[in-house]
Ligand SMILES: N[C@@H](CCC(=O)N[C@@H](CS)C(=O)NCC(=O)O)C(=O)O
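In my numbering, the protein residues as written are 780 to 998.
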């Protein structure tokens, strides 16, 4: 049976969360790196909405939402116990992802590209996004990770976005009143798992030899 195919874009935080779950699960996929300004026709044919990540399973099912790809991978194999078990944890996971993908992402984009949104200042957009950072700082005061003392899907779904936020103005972030968020982000960006998911690849062309992900270290 052919391997699942993942259309991805290295720097996209949604694609990152999908790659993180796939790498953790140990499932091997064919990775097709996409240039967002020049999306390949086979991608648009299976998912006309034209966002990445998109996964095509071995049986031809198309999954074109990053969170669904995370669940698809982890439901097959979850060696690090990223899937939570209690109803309360499920509800918290969903609430954290909703807050991230709606409000936080909205203000993150405006903070990052403040010159394109002159209605407000960069500082205003950052302050709006900080509502989320305050919530995360509270949660990380209660547990080492957002929901428990180990990473779960919620951490991995949010961290790629928090990373983007941190790097808009790293000097500010490094002295902002979010020490727990900073430590949480730092252990993520220095992890082998993160490095595995950030391998650079040339843009995929239809006649290319397949490139498999994760790339296993053969040393
Ligand atoms: N809700 C989608 C959002 C994915 C998304 O917006 N991805 C961006 C890249 S980070 C994209 O593909 N945008 C389309 C474009 O820029 O043309 C998901 O979670 O997978």
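We put the beta carbon where it would ideally sit given N, CA and C, even for glycine.
This one's a predicted model, so the numbers in the text were calculated from it and none came from an experiment.
query	result
The region 869-876 contacting the region 834-845, beta-carbon criterion three pairs below 8 angstroms	no
Helix, strand or coil at residue 835 according to DSSP, with G and I counted as helix	strand
Residues that DSSP places opposite residue 991 in a beta bridge	809
Extent of the continuous alpha helix (DSSP H) run through residue 980	Here residue 980 belongs to no alpha helix (DSSP H), and DSSP marks it neither H nor E.
Cβ-heavy atom distance, residue 792 to ligand 1, below 7 angstroms	yes
Supposed contact pair residue 783 and residue 834 - C-beta distance, whole angstroms, cut 8 angstroms	6 angstroms
Beta-carbon proximity of residue 829 to residue 818, cut-off 8 angstroms	yes
Validate contact between the region 961-981 and the region 939-953 using beta carbons, cut 8 angstroms, 3 pairs	yes
Neighbourhood of residue 920 by C-beta, 7 angstroms cutoff - its chain only, sequence neighbours within 5 removed	959
Beta-carbon spacing of residue 860, residue 929 below 8 angstroms	yes
Separation of residue 948 from residue 905, as counted between CA atoms	10 angstroms
Contacts around residue 907, its chain only, beta-carbon distance under 7 angstroms, and the 5 residues preceding and following it disregarded	886
Euclidean distance between Cα positions of residue 813 and residue 954	36 angstroms
Closer than 7 angstroms: residue 788 CB and nearest ligand 1 heavy atom	yes
Proximity to residue 879 [Cα-Cα], best of 816, 896, 796 and 950	796
Distance cut-off 7 angstroms: residue 825 Cβ against heavy atoms of ligand 1	no
Proximity test, residue 915 beta-carbon vs ligand 1 heavy atom, cut-off 7 angstroms	no
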